[in-house]
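Residue numbers in the sequence shown follow this note's numbering, run continuously in steps of one, and reach 1060 at the last position.
The structure appears below as structure tokens.
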Amino acid sequence: MCIFCSIINNEIPSYKLYEDDDVLAFLDISQTTFGHTVVIPKKHVTNILECDDETYEKLMKVIKQLATKIYQKTNAKGINILHNANEAAGQTVMHMHYHIIPRYDENDKLNIEFLENPDKNIEKAYELLK
Ligand code: AMP
Ligand code: ZN
């Protein structure tokens, strides 16, 4: 069974921070930064690419509330909300989840950098996606 479904079913322990009928949040075992949390729907869906709107809306509401609470309680200087969809994007647990990652300083164990693509073709992207 999926590891996050096992957490929902209390078959493996977790540090739960929030729970309602549809959504669960618990501390990420890696604690990439202090307070790093994952928020998941109780319904098993793989990721945003196959999630129904109702589940997604419930999840987003909790993420917003928890992000604010975690930011305030940890005295973080900022916060990243991260969702990895599919292996190509770094998803390792195939049960939809959003990371809430409080940020403190340059020693944080998270490095997100948007580098400029030397081979970019923004006109082509625009024609395809508009
Ligand atoms: P991702 O790479 O986006 O799929 O993230 C999966 C996350 O789940 C990682 O940050 C892991 O540290 C976390 N994780 C895996 N197993 C557990 C667990 N038993 N309890 C809490 N977090 C977990
Ligand atoms: Zn699952």
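Here a beta-carbon is modelled for each residue, glycine too, at the ideal position from N, C-alpha and C.
Here the structure is a predicted model, which is why all the values come from computation and not from measurement.
Quick one: any contact between the stretch 970-982 and the stretch 1020-1027, if contact means 3 or more CB pairs under 8 Å?
Yes: at least three Cβ pairs fall under 8 Å.
Specify whether the stretch 956-963 and the stretch 983-998 touch according to this definition: at least 3 beta carbon pairs, one from each stretch, less than 8 Å apart.
Not touching, per the Cβ criterion.
Determine the direct distance from the alpha carbon of ASP1035 to that of ILE937, and round the result to whole angstroms.
Along the sequence shown, read from residue 1 onward, the residue named residue 937 stands at position 7. Along the sequence shown, read from residue 1 onward, the residue named residue 1035 stands at position 105. Straight-line Cα distance between these residues: approximately 31 Å.
Would you tell me roughly how many angstroms separate the C-alpha atoms of ASP1038 and ILE970, rounded to the nearest one?
Position 108 of the sequence shown, counted from the start, is the residue given in the question as residue 1038. Position 40 of the sequence shown, counted from the start, is the residue given in the question as residue 970. The alpha-carbon atoms of ASP1038 and ILE970 are separated by roughly 24 Å.
Does the stretch 946-955 touch the stretch 984-993, meaning 3 or more C-beta pairs lie closer than 8 Å?
Yes, the stretch 984-993 is in contact with the stretch 946-955.
Report, in whole angstroms, the separation of the C-beta atoms of THR963 and LEU1040, which I expect to be a contact under 8 Å.
By 1-based counting over the sequence shown, the position of residue 963 is 33. By 1-based counting over the sequence shown, the position of residue 1040 is 110. Right, the Cβ-Cβ distance comes to about 6 Å (below 8 Å), so this counts as a contact.
Go ahead and pull the three-state DSSP assignment for ALA1015.
Here residue 1015 is taken as the residue at index 85 of the sequence shown, counted from 1. Three-state DSSP puts ALA1015 in coil, outside helix and strand.
Going straight from the alpha carbon of ASN939 to that of ASN1005, what length do you get?
Sequence index remark: in the sequence shown, residue 939 carries index 9 (1-based). Sequence index remark: in the sequence shown, residue 1005 carries index 75 (1-based). Distance between the alpha carbons of ASN939 and ASN1005 is about 32 Å.
Would you say the beta carbon of PHE934 comes nearer than 7 Å to a heavy atom of the ligand ZN?
Counting from 1 along the sequence shown, the entry for residue 934 is found at position 4. Yes, since a heavy atom of the ligand ZN falls inside the 7 Å radius drawn around the Cβ of PHE934.
Using the Cβ count rule (16 or more neighbours within 10 Å means buried), how would you classify THR967?
Along the sequence shown, read from residue 1 onward, the residue named residue 967 stands at position 37. Buried, because 16 or more other Cβ atoms sit within 10 Å of the Cβ of THR967.
Identify the continuous beta strand (DSSP E) that holds GLU949 and give its terminal residues.
Reading the sequence shown from its first residue, position 19 is the one you call residue 949. Residues 946-949.
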